[in-house]
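See below for the structure under consideration.
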Amino acid sequence: MKIIVITAIIAILAFATISSSLVIRQENSDDIATIRKANADEAEKLQEEFASFTPDKDCQVNDLACINKDFAMCAPTIEDGKVVNKFVLFSCGTTLECFALPLVLKRGTSITCTTPKDREDRLFQARNNL
1 MKIIVITAII
11 AILAFATISS
21 SLVIRQENSD
31 DIATIRKANA
41 DEAEKLQEEF
51 ASFTPDKDCQ
61 VNDLACINKD
71 FAMCAPTIED
81 GKVVNKFVLF
91 SCGTTLECFA
101 LPLVLKRGTS
111 ITCTTPKDRE
121 DRLFQARNNL
């Protein structure tokens with residue numbers, strides 16, 4: 001009798017766990033298309049903002065940006081005896097450019113060096129949930 005009761009309890013707990021897992025997965029899969037589209041919009045917005053950036057733009061230490069197709073990171077530097085934050089540029093090389101890209105699995109963007117074609121493909125995939 002004890003074995004049957006224990007088996008029944010285990011079966012109920014297993015079913016409850018599986019059921020809640022399925023609900024969580026379903027909710028996440030429904031939201032991922034919305035997240036990806038929002039990330040693509042945010043990446044394009046950032047890229048437009050970067051068009052006006054210069055190395056002298058005010059920034060916070062460790063901010064990332066794309067400036068003149070180069071990867072840029074804000075760092076403290078000494079200017080006229082004072083510590084100021086400025087963007088330091090890092091070349092992406094001759095065949096790559098710096099772009100804001102949409103993340104795929106969670107909300108946000110990344111800043112990286114890639115080809116213009118790769119950027120366009122990633123934006124298209126994010127907008128179409130591919």
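Note that UniProt numbering has the sequence shown beginning at 1, numbered continuously upward.
All residues carry an ideal CB built from backbone N, CA and C; glycine is no exception.
These numbers come from a predicted model, not from an experiment.
**Q.** Inter-residue spacing [alpha-carbon to alpha-carbon] between T114 and A40
**A.** Working through the sequence shown from its first residue, we reach residue 114 at position 114. Working through the sequence shown from its first residue, we reach residue 40 at position 40. Near 16 angstroms, if we compare the C-alpha coordinates of A40 and T114.
Q. How many Å lie between V61 and N128 at the Cα?
A. Counting from one through the sequence shown, the residue named residue 61 turns up at place 61. Counting from one through the sequence shown, the residue named residue 128 turns up at place 128. Spanning the two alpha carbons is a distance of roughly 35 angstroms.
Q | Counterpart residues of residue 155 in DSSP-defined beta bridges | A | Lying outside 1 to 130, the shown extent of the chain, residue 155 is not represented and no answer is given.
Q. In terms of residue numbering, what span does the alpha helix (DSSP H) encompassing D70 cover?
A. On the sequence shown, residue 70 is found 70 positions in, with the first residue counted as 1. No alpha helix (DSSP H) contains D70, which is instead part of the beta strand (DSSP E) from D70 to E79.
Q. What does DSSP give as the partner residues of N85 in its beta bridges?
A. Translated into the one-based positions of the sequence shown, residue 85 becomes position 85. P76, per the DSSP bridge assignment.
Q: For D80, collect the residues of the same chain with a Cβ closer than 8 angstroms to its Cβ; drop the 5 residues on either side in sequence, then sort them by chain order.
A: One-based indexing of the sequence shown puts residue 80 at position 80. Excluding sequence neighbours, D80 sits near nothing in its chain.
Q | Bridge partner(s) assigned by DSSP for A65 | A | Numbered from its first residue, the sequence shown carries residue 65 at position 65. Paired residue(s): A72.
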